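Engineer:
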Amino acid sequence: MTRHFLTGEELTTAELAWMLDRAAELKAARLSSRALEGKSVALVFEQPSTRTRVSFEVGVTELGGHPVVLRGGELQLSRGESVRDTALVLSRLVQAICVRTTPHGVLEELAAYADVPVVNMLTADHHPCQALADLLTLRERFGDLEGLKLAYVGDGNNVARSLMVLGAKAGLEVAVATPAELAPQGWDQSGARAEGQVTVTTDPAAAVAGAAALYTDVWVSMGDDAAASQARRALLAPYRLDEALME
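All letters in the sequence shown, in the order written, are residues 210 to 456 by this note's numbering.
#1: Cα separation between V385 and G365?
#2: Fully enclosed by the stretch 357-431, which beta strand (DSSP E) runs are 3 residues long or longer?
#3: Beta carbon of E456: closer than 7 Å to some heavy atom of the ligand NAD?
#4: Would you kindly check if the distance between the Cβ of L252 and the Cβ of L279 is under 8 Å?
#5: Indicate whether V383 and V417 have their beta-carbon atoms separated by less than 8 Å.
#6: For F214, is the classification buried or exposed, using 16 other Cβ atoms within 10 angstroms of its Cβ as the cut-off for buried?
#7: Tell me, to the nearest whole angstrom, how far the beta carbon of T295 is from that of L302; I am working on the premise that it is less than 8 Å.
#8: How about the stretch 316-325 and the stretch 210-228: do they share at least three Cβ pairs that are nearer than 8 Å?
#9: If you measure between the beta carbons of K248 and G274, is that distance less than 8 Å?
#10: Is the separation between the beta-carbon of L272 and that of L245 shorter than 8 Å?
#11: For L445, name the three-state secondary structure that DSSP assigns.
#12: Going by CA-CA distance only, name the one from T387, V277, E456 and E355 that's closest to T425.
#13: Return helix, strand or coil for V292, following the three-state DSSP convention.
#14: Go through its chain and collect everything with a Cβ distance to S399's Cβ below 8 Å, but skip five positions before and after it.
#15: Using C-beta distances below 8 Å, list every residue in its chain close to L316, excluding the 5 sequence neighbours before and after it, in chain order.
#16: Where does G314 land, buried or exposed, given buried means 16+ other C-beta within 10 angstroms?
#17: Alpha carbon to alpha carbon, how far is D334 from A369?
#18: When you compare each of A360, L391 and G405 to A377 by their alpha carbons, which one comes out closest?
#19: Does the Cβ-Cβ distance between D343 and L372 come in under 8 Å?
#20: Tell me the rounded alpha-carbon separation between K358 and F351.
#21: Let me know the beta strand (DSSP E) ranges lying completely inside the stretch 295-363, each 3 residues or longer, listed in chain order.
#22: Residues in its own chain within less than 8 Å of A415 by CB, not counting five upstream and five downstream?
#23: Do L229 and R348 have their CB atoms nearer than 8 Å?
#24: Hey, could you find the ends of the alpha helix (DSSP H) A251 is sitting in?
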């Protein structure tokens, strides 16, 4: 059965721990594996990207694979071809499909029809690869993640949601402070993962109390219009990581 990486929920706790172990090994010896030898990986970018594009393209290459970079306007999707047809065509030609898009539903539809693994490089709802990189950084700094508190202050966006999902799986205590209007939607607090604990609050001071690491993200995302951007800035003004909050 083909497995995909769309939100991080697909991983068991043991699999997540193994991935972080393996990532640390590859970081220490970047050319030590040829796991993608003879394989092609489609990297589909419907959103502009610097870090994600370069890291994925270099990563596929260093693992011996061939990255096929496709921008949104270069695909027949931009001319009305269905997601289903795109998934079927790419599945015949590449061994994995990585996608950076806005609607999470597009990614889910692609995965539903693809015969090869689909990896989420970013959607409006989830950014799991970013969370994996963050967890590796935390582990390099602190060692064991079990019981470590991570505080996120700002927009309850895709980055926050992925930190909640994967951070809890890694055993972190994740505290998210965000305005009620921007709180992560659809979060099931009852599923707060036996491995870790997740809390969502509107109080930044409560979130950062006792935290070993603090995290934030942009206030205005790609595609936000001027009116929406102004409203978001007003909402998020009290949610700054500044000296006053950290004292």
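Glycine is no exception: its CB is placed at the ideal position from the N, C-alpha and C atoms. Every value quoted in this text rests on a predicted model; they were computed, and no experiment measured them.
Structural biologist: Per the coordinate set shown:
#1: Counted from its first residue, the sequence shown places residue 385 at position 176. Counted from its first residue, the sequence shown places residue 365 at position 156. Each residue's alpha carbon lies about 8 Å from the other.
#2: 358-362, 382-386, 406-410 and 422-424
#3: Looking for the ligand NAD in the displayed structure turns up nothing, as the structure carries no ligands at all.
#4: Counted from its first residue, the sequence shown places residue 279 at position 70. Counted from its first residue, the sequence shown places residue 252 at position 43. Taking 8 Å as the Cβ cut-off, L279 and L252 qualify as a contacting pair.
#5: Numbered from 1 along the sequence shown, position 174 holds the residue referred to as residue 383. Numbered from 1 along the sequence shown, position 208 holds the residue referred to as residue 417. No, the pair does not count as a contact, with Cβ atoms beyond the cut-off.
#6: Here residue 214 is taken as the residue at index 5 of the sequence shown, counted from 1. Answer is buried; the Cβ neighbour count reaches 16.
#7: Counting from 1 along the sequence shown, the entry for residue 295 is found at position 86. Counting from 1 along the sequence shown, the entry for residue 302 is found at position 93. That belief does not hold up - the Cβ atoms of T295 and L302 are roughly 11 Å apart, past 8 Å.
#8: yes
#9: Working through the sequence shown from its first residue, we reach residue 248 at position 39. Working through the sequence shown from its first residue, we reach residue 274 at position 65. The answer is yes: Cβ separation under 8 Å.
#10: Here residue 272 refers to the residue found at position 63 of the sequence shown. Here residue 245 refers to the residue found at position 36 of the sequence shown. Yes, the pair counts as a contact, with Cβ atoms nearer than the cut-off.
#11: Position 236 of the sequence shown, counted from the first residue, corresponds to residue 445. Three-state DSSP puts L445 in a helix.
#12: Numbered from its first residue, the sequence shown carries residue 425 at position 216. Residue T387 is the option with its Cα nearest to T425.
#13: The residue given as residue 292 occupies position 83 in the sequence shown. If DSSP states are grouped into helix, strand and coil, V292 belongs with the helices.
#14: Taking the sequence shown and counting its residues from 1, the one referred to as residue 399 is at position 190. Any reading at S399 is ruled out, since the residue's pLDDT is 45, under 50, leaving its predicted position unreliable.
#15: The count along the sequence shown starts at 1 and reaches residue 316 at position 107. Here the set comprises L215, V308, T310, V327, N329 and T332.
#16: For this step, residue 314 is matched to residue 105 along the sequence shown. Under this definition G314 is an exposed residue.
#17: Here the question's residue 334 lines up with position 125 in the sequence shown. Here the question's residue 369 lines up with position 160 in the sequence shown. Taking the straight line from one Cα to the other gives about 9 Å.
#18: The residue given as residue 377 occupies position 168 in the sequence shown. Nearest C-alpha to A377: G405.
#19: Counting from 1 along the sequence shown, the entry for residue 343 is found at position 134. Counting from 1 along the sequence shown, the entry for residue 372 is found at position 163. Contact: yes.
#20: The count along the sequence shown starts at 1 and reaches residue 358 at position 149. The count along the sequence shown starts at 1 and reaches residue 351 at position 142. Each residue's Cα considered, the two are about 11 Å apart.
#21: 305-309, 327-331 and 358-362
#22: Working through the sequence shown from its first residue, we reach residue 415 at position 206. A384 and A386.
#23: For the purposes of this step, residue 229 is taken as the residue at position 20 of the sequence shown. For the purposes of this step, residue 348 is taken as the residue at position 139 of the sequence shown. Result yes, Cβ atoms of L229 and R348 sit closer than 8 Å.
#24: On the sequence shown, position 42 is the one that residue 251 refers to. That residue, A251, is in no alpha helix (DSSP H); its beta strand (DSSP E) goes S249 to F254.
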